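>
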Amino acid sequence: MPSTDAKTADDAWLKPMKPRQPSEEKRGATPLELLFDLVCVVAIAIASLQLHHGLSEQHFTEAIPLYLMVFFTIWWSWMNFTWFASAYDNDDTAYRLVTFVQMMGLLVLAAGINKVFIQHDFSVCVLGYLIMRFGLVIQWIRAGISDVEHRKTAFRYAGGIVLAQVGWIVYQFKLVTFTQIEFLALALFELAVPIWAEKANTTTWHPEHIAERYGLFSIIVLGETIMASFSAINTALMDSKTGIDAPLICLMIGGMMMLFSIWWSYFDREPVCVLTSFKKVFYWGYGHYFIFLSIAAVGAGLAVGVEAITKHSEITNQQAEYAIAIPLSIYSLAVWLIHDLQTDKGWRKLWHPLSVLLILLFPLWGNIGYGTLAIGIFYALTIVFRQVFLVDSHAEKQEIID
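Every position in the sequence shown, counted from 1, becomes a number in the numbering used here once 386 is added.
The following block contains the structure:
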């Protein structure tokens, strides 16, 4: 007969993967989840740096699509891990080890990003993605075995993911020509798997936990953006023989005003309010692809602006300013679409689209330093204006949503 200590050790190694309860109190992010986020941001930093280089060299038609594609693989890896963990994280040894496998896959993916941008070679990225998805399939199979009520959902996830990976393997071995169209088709298939799986029986993810996870990841991506932009500024100062000049000061101030305003605008909203139905949950969750990629792209744009000011790039001032204004506009529109469009009413729904149009006019000025400062001031004022004149009470918002 096994001893009590042996039984405890076995339980710690392999617990039944029972569903977590959405009503669980004080459900917060775990250290393992935060470690996963940090691994993701390593890949995001490399992708953002390559976007920066591509824009500086005026390779717009190459760098931007590649950035969108690479960012999708990073974001989708994070998405799937986050929602699975919200429903099934039992923190046993097997769960931790399989999560480490997923992290290893992400690191392999990150190691291949430079090859994607420089050589248009996806082989290493696809290999890393396959490793990460293999780990996720194991997790879903475990969940399906333990959770009878959601077994069909779990096995749909596992089967759908495996089928999607067959597609990635086909392109990995060059059985057909790998183009942006094929990538888009595979990405859409990946996006369809959770929708199909959840229709069998919705998993028991935790709304407050999900909201916290998205918020924390936004902060981490924002931190990477700050680091990337100010690394470029530091390099410019080190190379300068005359010291810091007015346009660079203006870009620094305007950039920080944008980044602070991005943080404010994101956390000024209550995401739990919109996590109320099947359709809205997917709309909100998938919409964050544009939020995360635009936050990271703002950092790349600010770095491009620094190079334009210091004449280390052939990019024009107007192009450099659009490299900042366009990602900021995408972020603002994404926040509006996934949140404000559902919670605001009347003319208030038009505020964000109008402000985005104005942001896109500033680059016509053609002065990257002062133009960035102007965008930063204007965007900060839009946050203040919304706070004072546009914000409804929580009760009013809930009434609109319901």
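Think of the CB as a built atom: it goes at the ideal place given N, C-alpha and C, for glycine as much as any other residue.
Nothing here was measured: the structure is a model prediction, and the numbers come from that model.
What are the boundary residues of the alpha helix (DSSP H) that residue 537 is part of?
Residue 537 -> alpha helix (DSSP H) spans 537-558.
> Considering only residues of the same chain and omitting the five flanking positions on each side of residue 491, which have a CB-CB separation below 6 Å?
Taken in chain order, the residues that qualify are 514, 517, 518.
> Taking only the alpha-carbon atoms, compute the straight-line gap between residue 711 and residue 673 and give it to the nearest angstrom.
Each residue's alpha carbon lies about 19 Å from the other.
> Under the criterion of a Cβ to heavy atom distance below 7 Å, does residue 540 qualify as lining the ligand SAH?
With respect to the ligand SAH, the structure offers nothing, as it holds no ligand at all.
> Using the three-state DSSP reduction, which class does residue 592 fall into: helix, strand or coil?
Three-state result, residue 592: coil.
> Measure the CB-CB distance between residue 502 and residue 452 and report whether it falls below 8 Å.
Yes, these two residues count as a Cβ contact at 8 Å.
> When DSSP labels each residue in this structure, what does residue 769 get in the three-state scheme?
Reduced to three states, the DSSP call for residue 769 is helix.
> In or out: residue 505 buried (at least 16 other Cβ within 10 Å) or exposed?
Answer is exposed; the Cβ neighbour count stays below 16.
> Distance, Cα to Cα, residue 654 vs residue 643?
For residue 654 and residue 643, the distance between alpha carbons rounds to 16 Å.
> Does the Cβ-Cβ distance between residue 578 and residue 479 come in under 8 Å?
No, the pair does not count as a contact, with Cβ atoms beyond the cut-off.
> Suppose the cutoff is 7 Å on Cβ atoms and the five residues either side in sequence are ignored; what does the same chain contact list for residue 716 look like?
If we look at residue 716 and ignore the five residues flanking it on each side, its Cβ neighbours are 676, 680.
> If you run the structure through DSSP and keep just helix, strand and coil, what is residue 775?
In this structure, residue 775 counts as helix in the three-state DSSP scheme.
> Confirm, please, whether the CB-CB distance from residue 618 to residue 571 is below 8 Å.
Against a cut-off of 8 Å, the Cβ pair of residue 618 and residue 571 comes out as no contact.
> Does DSSP put residue 701 in a helix, a strand or coil?
Coil.
> Is the beta carbon of residue 742 less than 8 Å from the beta carbon of residue 652?
No, the Cβ-Cβ distance between residue 742 and residue 652 is not below 8 Å.
> With a floor of 4 residues, list each alpha helix (DSSP H) that falls wholly inside the region 464-506, ordered by position along the chain.
List check, alpha helix (DSSP H) in window: 479-497, 499-505.
> Looking at residue 430 and residue 610, is the spacing between their C-beta atoms short of 8 Å?
Yes, they are a contact pair.
> Please state the DSSP three-state secondary structure of residue 422.
Helix at residue 422.
> Are residue 770 and residue 678 close, meaning C-beta to C-beta below 8 Å?
No, they are not a contact pair.
> For residue 411, does the three-state DSSP call read helix, strand or coil?
The answer is coil: DSSP assigns residue 411 none of H, G, I, E or B.
> Let me confirm a value: residue 449 is counted as buried when at least 16 other C-beta atoms fall within 10 Å, else exposed. Which label applies?
By the neighbour-count rule (16 or more Cβ atoms within 10 Å), residue 449 is buried.
> Quick check on residue 458: buried or exposed, where buried means 16 or more other Cβ atoms within 10 Å of its Cβ?
Label assigned to residue 458: buried.
> Does the distance from the CB of residue 474 to the CB of residue 544 come in under 8 Å?
Not a contact, by the Cβ cut-off of 8 Å.
> So for residue 529, helix, strand or coil by DSSP?
Helix at residue 529.
> Smallest Cα separation from residue 740: which of 697, 751, 718, 728?
Checking every option, the nearest Cα to that of residue 740 belongs to 718.
> Which runs of the alpha helix (DSSP H), 4 residues or longer, sit entirely within the region 648-731?
Runs found: 664-695, 703-721.
> Of the residues 581, 441, 559, which one's Cα is nearest the Cα of residue 539?
If we check each option's Cα against that of residue 539, 581 comes out closest.
> Beta-carbon within less than 6 Å of residue 789's beta-carbon, same chain only, minus the 5 sequence neighbours each way: which residues are those?
Only positions 387 to 788 of the chain appear in the structure, and residue 789 is not among them; the question remains open.
> Rounded to the nearest angstrom, how far is the Cβ of residue 636 from that of residue 758, given a contact under 8 Å?
Indeed, because the Cβ distance is near 6 Å, the residues count as touching under 8 Å.
> Quick test of your reading: residue 755 and residue 695, contact by CB under 8 Å. State the CB separation rounded to the nearest angstrom.
The pair is a contact, with the Cβ atoms about 6 Å apart (cut-off 8 Å).
> Please confirm whether residue 468 and residue 418 have their CB atoms less than 8 Å apart.
The answer is no: Cβ separation not under 8 Å.
> Express the C-alpha separation of residue 574 and residue 407 in angstroms, rounding to a whole number.
Cα to Cα, the separation comes out at about 30 Å.
> What span of residues does the alpha helix (DSSP H) with residue 747 cover, start to end?
Counting along the chain, residue 747 falls outside any alpha helix (DSSP H), and DSSP gives it neither H nor E.
> What do you reckon, are the CB atoms on residue 761 and residue 727 nearer than 8 Å?
No; because the gap between Cβ atoms is not below 8 Å, this pair is not in contact.
> Report back the beta-carbon spacing between residue 496 and residue 428 to the nearest angstrom; my notes put them in contact at under 8 Å.
That belief holds up - the Cβ atoms of residue 496 and residue 428 are roughly 5 Å apart, short of 8 Å.
> Among 656, 624, 422, which residue has its Cα nearest to the Cα of residue 461?
Nearest of 656, 624, 422 to residue 461, Cα basis: 422.
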